[in-house]
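S.K.:
In this note's numbering, the protein residues as written are 1481 to 1995.
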């Protein structure tokens, strides 16, 4: 798969993903807008019905108060009538006494029209002035009772409690079940005259929910009912939990599928490159022994070549050595396949790690010496006995030593160090070779992975050695780590626990005795 094609696939999938996300977000936004409109409508209907019922209650209270006032007024009027009658009788009796007004009284009196006192008679002004003063007081009292001060206004706690109860009931009826705050605003005073809790004064003044509290009272300045919902946005979103949850789940699935697809494409591309490298490396590895065996067979079958016992034996030895080499290469590939399928079984026995290290060094010693190198051992572990598979653990050490030798461009300088921990043995294999960059360190234990060297095949191998090391060590319950810097060398550290049977349990038999 070409790189350009992969890029086109990624761009196409990304474009589709962005489009789907955009459409999904658009529908979610429309749904939220519809919920907000329904919420506003519900609040308006609830407030209107609550105000209507509140006005009915206030009107009933006013009529009851007015009825009580009318009763008091009738009693007061009767009392004032009685006082006026008594006062009038007293004034009339005084004016009809002989000599009080003289003869002029009879001349100023018109039958059927009541008594009209002469304006210029002494003592005629003060009694009637007092009478008219009392009448003015009564009229003022009636005017006060039916003036604007007795209009609808929220002025007591009983009215606030009633309004709170009505609003709660109507909001519940409309299906609005979220905390709310209300206040009564007087535009004349430019202030909130009543509030439910007093915690949201500023929010109430900026609220979009404002209603005329007494819409039928046209004689006084209006008071406004203001509503505020502190958790309005959260409440609206909570009404869409199913839709939002489904949308988020679908979005996550789409994003995950997109990421998995991209990851798979990239991984397949890398596997393709690694497969080609593996085939090339395997071809180079197998070409040498096959060519050697072919040449030896041709030499033995050539009739023109004089043969002796030593010559026959020499060619046969070459054929055997190269045949063993082919067998080892094939076995390495097969073992890796078995490890990947988890079919490999360990033959756990008690053994000495130092002995296995010595055997591995002996196998690679001639190769290192041929390149004028050396292998230094510092076996400091006081207790080196573990339970492990002898063949596989020996292969682990051989692979690490072979890796250190191959990646040392000049004379190899390899150091093997052992030390004890509380529950196992640490084995360090150090070299002063080319080192490994940080980017490659994360992938160095992957199967078939080899640090890229371009088309130059100066380092032989299949890319299976370190993957094999990691799998075998982990099957023994241990770990393998790497410390490396480019051009300064590498250090592989292997930890093998004292006892492990491949199932996480320490075997009962062949258990070495600790000193």
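All C-beta atoms, glycine included, are put in the ideal place defined by N, C-alpha and C.
Contact check, residue 1826 vs residue 1877 under 8 Å by CB: the rounded distance?
M.R.: Actually they are not in contact, since the Cβ atoms of residue 1826 and residue 1877 sit about 16 Å apart, beyond 8 Å.
S.K.: Measure the C-alpha to C-alpha separation of residue 1828 and residue 1846 and round it to an integer number of angstroms.
M.R.: 30 Å
S.K.: Cβ atoms of residue 1853 and residue 1891: under 7 Å apart, would you say?
M.R.: Their beta carbons are under 7 Å apart, which means residue 1891 touches residue 1853 by this criterion.
S.K.: Buried or exposed: where does residue 1898 fall if 16 or more other Cβ atoms within 10 Å of its Cβ makes it buried?
M.R.: buried
S.K.: From the DSSP output, read off the bridge partner residues of residue 1865.
M.R.: Bridge partners of residue 1865: 1832.
S.K.: Alpha carbon to alpha carbon, how far is residue 1540 from residue 1713? Give it in angstroms, no decimals.
M.R.: Using only the alpha carbons, I get a separation of about 38 Å.
S.K.: Three-state secondary structure (DSSP) at residue 1672?
M.R.: strand
S.K.: If I measure Cβ to Cβ from residue 1486 and keep anything under 7 Å in the same chain, skipping five residues before and after, which residues do I get?
M.R.: 1745 and 1749
S.K.: Mind checking which residues open and close the beta strand (DSSP E) that includes residue 1969?
M.R.: If you look at residue 1969, you'll find it in the beta strand (DSSP E) that goes 1969-1977.
S.K.: Near residue 1684, which residues of its chain fall below 6 Å by C-beta distance, leaving aside the five closest residues on each side in sequence?
M.R.: 1663, 1706 and 1708
S.K.: Taking only three categories from DSSP, how would you classify residue 1964?
M.R.: Of the three classes helix, strand and coil, the one that applies to residue 1964 here is strand, per DSSP.
S.K.: State yes or no: is the C-beta of residue 1975 within less than 7 Å of the C-beta of residue 1904?
M.R.: A contact, by the Cβ cut-off of 7 Å.
S.K.: Measure the alpha-carbon distance for residue 1515 versus residue 1730 and round it to whole angstroms.
M.R.: 22 Å
S.K.: Hey, could you find the ends of the beta strand (DSSP E) residue 1854 is sitting in?
M.R.: Residue range 1854-1859 is occupied by the beta strand (DSSP E) that includes residue 1854.
S.K.: Please state if the CB of residue 1894 and the CB of residue 1970 are separated by a distance shorter than 7 Å.
M.R.: no
S.K.: What's the call for residue 1676, buried or exposed, on a 16-neighbour Cβ count within 10 Å?
M.R.: buried
S.K.: In the DSSP assignment, the alpha helix (DSSP H) including residue 1684 goes from what residue to what residue?
M.R.: 1681-1685
S.K.: Buried or exposed for residue 1545, going by 16 or more other Cβ atoms inside 10 Å?
M.R.: Burial check for residue 1545: the Cβ neighbour count within 10 Å stays below 16, so the residue is exposed.
S.K.: I need the straight-line Cα distance from residue 1728 to residue 1923, nearest angstrom please.
M.R.: 34 Å
S.K.: Shortest alpha-carbon distance to residue 1719 belongs to which of 1774, 1653, 1519 and 1566?
M.R.: 1519
S.K.: Return helix, strand or coil for residue 1887, following the three-state DSSP convention.
M.R.: coil
S.K.: Give the single residue among 1711, 1661, 1669 and 1678 whose Cα lies nearest to the Cα of residue 1690.
M.R.: 1661
S.K.: Name the DSSP bridge partner or partners of residue 1956?
M.R.: Looking at the DSSP assignment, residue 1956 forms no beta bridge with any residue, so it has no partner.
S.K.: Among the candidates 1724, 1682, 1542 and 1483, whose CA atom is the shortest distance from the CA of residue 1509?
M.R.: 1724
S.K.: Should residue 1952 and residue 1834 be called a contact, given that it needs their Cβ atoms to be closer than 7 Å?
M.R.: No, Cβ-Cβ distance for residue 1952 and residue 1834 is not below 7 Å.
S.K.: Going by C-alpha to C-alpha distance, which of 1530, 1795 and 1861 sits closest to residue 1908?
M.R.: 1861
S.K.: Using only alpha-carbon positions, find the residue among 1866, 1879 and 1910 that is nearest to residue 1858.
M.R.: 1910
S.K.: Which residues mark the beginning and the end of the beta strand (DSSP E) in which residue 1899 is found?
M.R.: 1893-1900
S.K.: Between the C-alpha atoms of residue 1743 and residue 1732, what's the straight-line distance to the nearest angstrom?
M.R.: 16 Å
S.K.: The beta strand (DSSP E) spanning residue 1911 covers which residue range?
M.R.: Start and end: 1904-1911.
S.K.: Where residue 1659 and residue 1694 are concerned, what is the direct C-alpha to C-alpha distance, given to the nearest angstrom?
M.R.: Roughly 24 Å between the two C-alpha positions.
S.K.: Give every residue of the same chain whose Cβ lies closer than 7 Å to the Cβ of residue 1921, excluding the five residues on either side of it in the sequence, and list them in chain order.
M.R.: 1962 and 1964
S.K.: Below 8 Å on the Cβ atoms is my guess for residue 1445 versus residue 1973; work out the distance and round it to an integer in Å.
M.R.: For residue 1445 there is no data in the structure shown, the boundaries of the chain being 1481 and 1995.
S.K.: What are the residues that DSSP puts in a beta bridge with residue 1661?
M.R.: 1708
S.K.: What distance in whole Å lies between the Cβ atoms of residue 1945 and residue 1882, which are believed to be in contact at a cut-off of 8 Å?
M.R.: 7 Å
S.K.: Taking 7 Å as the CB-CB cut-off, is residue 1648 touching chain C?
M.R.: No chain C appears in this structure, which consists of one protein chain only.
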